[in-house]
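Since the structure comes first, as structure tokens, the remarks are kept for the end.
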Amino acid sequence: MNPPGPLLVIGAGKMASALLEGWLALGVDPSAVFAVDPSPAPEVAAALEKAGVQLNAASIPAPSVVLLAVKPQMLEAARATLEAHVGPGALLISVLAGKSIATLEAGLPAGVAVIRTMPNTPAAVGRGVTALIANNAATGEQKALADALLRAVGDVVWLEDESSIDALTAISGCGPAYVFLLAECLAKAGMEAGLPQGMAAHLARATVTGAGELLHRSDLEPDVLRRNVTSPGGVTAAALDVLMGPSGFEPLLKEAVERAVAKSRELGA
Ligand SMILES: NC(=O)C1=CN([C@@H]2O[C@H](COP(=O)(O)OP(=O)(O)OC[C@H]3O[C@@H](n4cnc5c(N)ncnc54)[C@H](OP(=O)(O)O)[C@@H]3O)[C@@H](O)[C@H]2O)C=CC1
Ligand SMILES: O=C(O)[C@@H]1CCC=N1
């Protein structure tokens, strides 16, 4: 999994930190990892320093892999850094929502390997899921390296073309946020139902993680697991009448995902 040469991260934010956390925990050599970020969050800078990653080093050896993880809106501002470090033999791995391979290739030497990905933050604990698609210049070895890096921190899915990536972003890229919001809302509802704040937060967190783990380990489909909680005429059924009603999860998530897909397309335009 260790790249054959230095690994450079451009944009040391939330997603890059999640990937680095996973990689460093699994044995990527921190002395071969460099990060460039003009104003990293103090906690990120401290974590990188503690891990032995060089942040904003005066001199960076030619990287074999460049992880591009700035916000899509900052791509043009990061072009100079990108062009300074992505040499002809390097592999560029982008996590940018919306930005196509063709857009990423612009300004780079002809024939540079580019792999566009859409990871998610559970990569920090080895439970991410990442979609990848490579340009024609990426060699089998470079694709295997990208696969190994992302597989080390979770599942990987290779795409044949880029057409599905906006929809995929709205599901797996953004999806952890939907689940964390569920935990937040469940805790608030618990407080409103009379539970002390700490207990409501603890119960909500343990329930979301426990249900996630059951879904992870079980062979049963989610609807079967849901039915297994729902005693006929019982308490869960009363709640699901609301959550599965006309203003429930399904239409709400459909609208949320549609908006996310549209935003991903807009960022790529
Ligand atoms: N967060 C997530 O769950 C996921 C994010 N992504 C993608 O990852 C990318 C980063 O997202 P996220 O980590 O959330 O965002 P963050 O804002 O946390 O990270 C981006 C970092 O890049 C820095 N930056 C800005 N300009 C430059 C530059 N010119 N050179 C180097 N660094 C720069 C930012 O600094 P500053 O804040 O000062 O601008 C920030 O620290 C996005 O493209 C997003 O689409 C993909 C999948 C999931
Ligand atoms: O919110 C975003 O734009 C990024 C892309 C997927 C998750 N976070």
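Residue numbers for the sequence shown follow the numbering used here, beginning at 1 and rising by one.
Every residue, glycine too, gets a C-beta built ideally from N, C-alpha and C.
Start and end residues, beta strand (DSSP E) containing residue i
i: residue 92; result: 91-94
i: residue 8; result: 7-10
i: residue 35; result: 33-36
Alpha carbon of residue i to alpha carbon of residue j, nearest angstrom
i: residue 206; j: residue 72; result: 34 Å
i: residue 49; j: residue 81; result: 21 Å
i: residue 145; j: residue 133; result: 13 Å
i: residue 177; j: residue 83; result: 32 Å
i: residue 110; j: residue 136; result: 11 Å
i: residue 150; j: residue 54; result: 22 Å
i: residue 39; j: residue 52; result: 18 Å
i: residue 105; j: residue 251; result: 38 Å
Bounding residues of the alpha helix (DSSP H) (the contiguous stretch that carries residue i)
i: residue 242; result: 235-243
i: residue 53; result: It is not in any alpha helix (DSSP H) - residue 53 carries neither H nor E in the DSSP assignment.
i: residue 16; result: 14-25
i: residue 256; result: 249-268
C-beta atoms of residue i and residue j nearer than 8 Å
i: residue 165; j: residue 131; result: yes
i: residue 200; j: residue 211; result: no
i: residue 3; j: residue 44; result: no
i: residue 5; j: residue 63; result: yes
i: residue 167; j: residue 183; result: no
i: residue 11; j: residue 78; result: yes
i: residue 264; j: residue 169; result: yes
Buried or exposed (CB count within 10 angstroms, at least 16 for buried), residue i
i: residue 26; result: exposed
i: residue 197; result: exposed
i: residue 37; result: buried
i: residue 140; result: exposed
i: residue 180; result: exposed
i: residue 229; result: exposed
i: residue 232; result: exposed
i: residue 35; result: buried
Beta carbon proximity, residue i to chain B, threshold 8 Å
i: residue 239; result: Among the protein chains of the structure shown there is no chain B, as only one such chain exists.
TODO: Please go through the stretch 95-181 and give each complete alpha helix (DSSP H) segment of 4 or more residues, from N-terminal end onward.
DONE: 101-105, 140-151 and 165-168
Task: beta strand (DSSP E) runs wholly inside the stretch 183-223, at least 3 long, in chain order - done: none
Task: Within the stretch 56-91, ranges of the alpha helix (DSSP H) (whole runs, at least 4 residues) - done: 75-85
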